[in-house]
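Q: Each residue of the sequence shown is one higher than the last, beginning at 34 in the working numbering. All residues carry an ideal CB built from backbone N, CA and C; glycine is no exception. Before we start, here is the structure in question, set down as structure tokens.
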Amino acid sequence: MIFNLNKLFFKYDEKEQPALNNMSLAIDSRLVTGLAGANGSGKTTFIKILLGQLVQFDGSYDVDGEKASDSHGEILYKYDIGYAPDDVVLDEYLTGYEIMEMVAGLRNISGPDLEKDIELFTQSLQLEDWFRQRPCRMYSTGMRRKTALCMAFLGNRKFYVLDEPTNGLDPLSVYGLKTIISEKKSKGAGALISSHILDFVEKTSDDCILLCKGNVSYHGKVAALKLAHDNADLEKIYFSLFSK
């Protein structure tokens, strides 16, 4: 799938600068694309439009030529997208495992396939007894993040949107997250990863999008961006482009 977003323009307040300023992007669902930018650069607004959570905007949005901006509430399901939001909302009275059972039922995922995925997540994201035994109201920030990632990755989706997926994760789980993303990509499913951790973006992404004040400063291959800057790492490149 190709997500085509053309000349997106959006303001939260007429007195403020645009959150998105005639932004045009084409995102290939088979690739892993990193999305980076300072606070207020437009990342959250862009993701809301991509997922159909924000439908009143100027510009156009289609998926493989089919208009998507009128699919409010349906885009995640219609295009088979797994989504892990930055602001994690869970049923506080259920365990992570019980939530996964519910999600599996909604997605028609069999018991054996659920257990196979849980085994993968247990190894990659360092799930422990708390996942099956404690209600979510007793979870730390990292536990909540891991549960949200498990929900997003459950089953074989066509595309994933991960908003600040490393927040609260320990180093072993960050490494495990990279392996999950790589495994999903090997099966043909890419991802859009919004993150302030540029090293994570550099090591996981084929393409990257750099935003600044609602504008696209760069959209292309990570390798090409590095080559154009003497093979510097993405953190140094970002600092050289945007520091005052």
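1. For the putative contact between S157 and G209, defined by C-beta atoms under 8 Å, what is the C-beta separation to the nearest angstrom?
2. Compute the distance between the beta-carbons of S57 and N39, then report whether it is under 7 Å.
3. With P145 and D196 assumed to form a contact (beta carbons below 8 Å), what rounded beta-carbon distance in angstroms separates them?
4. Can you name, in chain order, every residue of its own chain whose Cβ lies under 7 Å from the Cβ of Y45, other than the five neighbours on each side?
5. Going straight from the alpha carbon of E235 to that of E125, what length do you get?
6. For P51, verify whether its CB is less than 6 Å away from any heavy atom of the ligand SAH.
7. Would you mind giving the Cβ-Cβ distance between G223 and L83, rounded to the nearest angstrom? I have them listed as a contact below 8 Å.
8. Which full runs of the alpha helix (DSSP H) of 4+ residues lie inside the region 157-235, going along the chain?
9. Tell me the start and end of each unbroken alpha helix (DSSP H) in the region 72-113 that is at least 4 residues and wholly inside, in chain order.
10. Classify I242 as helix, strand or coil using the three-state DSSP reduction.
11. Under a Cβ-count criterion, where at least 16 other Cβ atoms within 10 Å of its own Cβ denotes burial, should A59 be classed as buried or exposed?
12. Report all residues from its chain with a CB closer than 7 Å to the CB of K218; omit the five preceding and five following residues, and keep chain order.
13. Which whole-angstrom value describes the C-beta separation of L87 and T78, a residue pair presumed to lie in contact below a C-beta threshold of 8 Å?
14. So, for L205: in the same chain, excluding its five sequence neighbours on each side, which residues have a beta-carbon less than 6 Å away from its beta-carbon?
15. Which residues bound the alpha helix (DSSP H) around Y271?
16. Which residue comes first and which comes last in the alpha helix (DSSP H) that contains K44?
17. I'd like to know whether the C-beta atoms of V194 and L225 end up nearer to each other than 7 Å.
18. So D266 and K254 are supposed to be a Cβ contact under 8 Å. How far apart are they, rounded?
19. Could you tell me the alpha carbon to alpha carbon distance between V121 and N54, rounded to whole angstroms?
20. Thinking C-alpha only, which one of L109, S276, V96 and A256 is nearest R190?
21. Please classify D97: is it buried, with 16 or more other beta-carbons within 10 angstroms of its beta-carbon, or exposed?
22. For F42, which residues in the same chain have their Cβ closer than 8 Å to its Cβ, ignoring the five residues on either side in sequence?
A: According to the structure shown:
1. As a working note, residue 157 is residue 124 in the sequence shown. As a working note, residue 209 is residue 176 in the sequence shown. Cβ atoms of S157 and G209 come within 8 Å of each other, at about 3 Å.
2. In the sequence shown, residue 57 corresponds to position 24, counting from 1. In the sequence shown, residue 39 corresponds to position 6, counting from 1. N39 sits close to S57, with the two beta carbons spaced by under 7 Å.
3. By one-based count along the sequence shown, residue 145 stands at place 112. By one-based count along the sequence shown, residue 196 stands at place 163. Between P145 and D196 the beta-carbon gap is near 30 Å, outside 8 Å, which marks them as no contact.
4. Taking the sequence shown and counting its residues from 1, the one referred to as residue 45 is at position 12. A52, listed in sequence order.
5. For the purposes of this step, residue 235 is identified with residue 202 of the sequence shown, where counting begins at 1. For the purposes of this step, residue 125 is identified with residue 92 of the sequence shown, where counting begins at 1. Rounded to whole angstroms, the gap between the alpha carbons of E235 and E125 is 34 Å.
6. Looking for the ligand SAH in the displayed structure turns up nothing, as the structure carries no ligands at all.
7. As a first step, residue 223 must be located in the sequence shown, where it is residue number 190. As a first step, residue 83 must be located in the sequence shown, where it is residue number 50. No, G223 and L83 are not in contact; Cβ-Cβ is about 13 Å, not under 8 Å.
8. Whole alpha helix (DSSP H) segments, 4+ residues: 163-166, 174-186 and 204-219.
9. The qualifying runs are 76-83 and 108-111.
10. As a working mapping, residue 242 is identified with position 209 in the sequence shown. I242: strand per DSSP, three-state reduction.
11. On the sequence shown, position 26 is the one that residue 59 refers to. Around the beta carbon of A59, fewer than 16 other beta carbons lie within 10 angstroms, which makes this residue exposed.
12. The count along the sequence shown starts at 1 and reaches residue 218 at position 185. Here K218 has V65 as same chain residues with Cβ atoms under 7 Å from its own Cβ, once five neighbours each way along the sequence are excluded.
13. Working through the sequence shown from its first residue, we reach residue 87 at position 54. Working through the sequence shown from its first residue, we reach residue 78 at position 45. Yes, they are in contact, since the Cβ atoms of L87 and T78 sit about 7 Å apart, within 8 Å.
14. Translated into the one-based positions of the sequence shown, residue 205 becomes position 172. Apart from sequence neighbours up to five positions away, the residues of its chain that approach L205 with a beta-carbon distance below 6 Å are Q159, ordered along the chain.
15. Numbered from 1 along the sequence shown, position 238 holds the residue referred to as residue 271. Unbroken alpha helix (DSSP H) run through Y271: L267 to F275.
16. The sequence position of residue 44 within the sequence shown is 11, counting from 1. Careful: K44 lies outside any alpha helix (DSSP H) and carries neither H nor E.
17. One-based indexing of the sequence shown puts residue 194 at position 161. One-based indexing of the sequence shown puts residue 225 at position 192. Contact: yes.
18. Walking along the sequence shown from the start, residue 266 turns up at place 233. Walking along the sequence shown from the start, residue 254 turns up at place 221. Contact between D266 and K254 is ruled out by a C-beta separation of about 15 Å, above the 8 Å threshold.
19. By 1-based counting over the sequence shown, the position of residue 121 is 88. By 1-based counting over the sequence shown, the position of residue 54 is 21. Cα-Cα distance, rounded: 28 Å.
20. Here the question's residue 190 lines up with position 157 in the sequence shown. For R190, the nearest C-alpha among the options comes from L109.
21. By one-based count along the sequence shown, residue 97 stands at place 64. Burial check for D97: the Cβ neighbour count within 10 Å stays below 16, so the residue is exposed.
22. Residue numbering aside, residue 42 sits at position 9 when the sequence shown is read from its first letter. Non-local beta-carbon contacts of F42 in its own chain, meaning distances under 8 Å to residues more than five positions away in sequence, involve P51, L53, N54, N55, M56, F90, D91 and G92 in chain order.
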